[in-house]
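Data block below; observations after.
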Amino acid sequence: MPVGKHDKDHVPFTQHNLDLVKGDVVYTLTDGLPDQFGGPKGKKFMYKKLKELLITISQEPMKTQKEMLVETLNSWKGDLEQVDDVCLIGIRV
Numbered sequence: 084m085p086v087g088k089h090d091k092d093h094v095p096f097t098q099h100n101l102d103l104v105k106g107d108v109v110y111t112l113t114d115g116l117p118d119q120f121g122g123p124k125g126k127k128f129m130y131k132k133l134k135e136l137l138i139t140i141s142q143e144p145m146k147t148q149k150e151m152l153v154e155t156l157n158s159w160k161g162d163l164e165q166v167d168d169v170c171l172i173g174i175r176v
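What follows is the structure, encoded as C-alpha cells:
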C-alpha cells in the first residue's frame, strides 16, 4: 500500500500483530529493488526473486546480508541506469 497520494488513499491500513521470536528477521522496503531493470534480458528484478533471495540470506549476519544485497543489485543492473530509490531495511529480533 503506498504511503503517499494515490488512487486508494481512502482505503484504511490494516493492522497486523505478529509474534516474533529471537532470531527472526523483519524486512521493509520500497519498490526500488524489485522494479530495477537488468539481468541478461533487461527485465525487472521482481518481488518473487527478492523474496527468494531474502529467504536464502536471512540466516547470514546482517552486515553480510547488506553486502550480498548490494552486490546482487549492482550485478543485476549492470550498465543500466538505476531507475528508482532503493531502500531495504532488515531488523533481526
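If you're matching positions, the sequence shown starts at 84 in the working numbering and goes up one per residue. The beta carbon of each residue, even a glycine, is placed where N, CA and C say it ideally should be.
Query	Result
Hey, out of 134, 112, 159, whose CA is closest to residue 123's CA?	159
On the three-state DSSP scale, how would you describe residue 111?	strand
Could you check if residue 148 is buried or exposed, using at least 16 other CB atoms within 10 Å of its CB as the buried criterion?	buried
Say the cut is 8 Å; is the CB of residue 91 nearer than that to a heavy atom of the ligand HEM?	This structure does not include the ligand HEM; it has no bound ligands of any sort.
Are residue 128 and residue 156 close, meaning C-beta to C-beta below 9 Å?	yes
Just tell me which of 94, 95, 176 has its CA closest to the CA of residue 141.	176
Exposed or buried, what is residue 101 when buried is set at 16 or more other beta-carbons lying within 10 Å of its beta-carbon?	exposed
Can you give me the Cβ contacts of residue 103 inside the same chain, cut-off strictly under 6 Å, excluding the 5 residues immediately before and after it?	176
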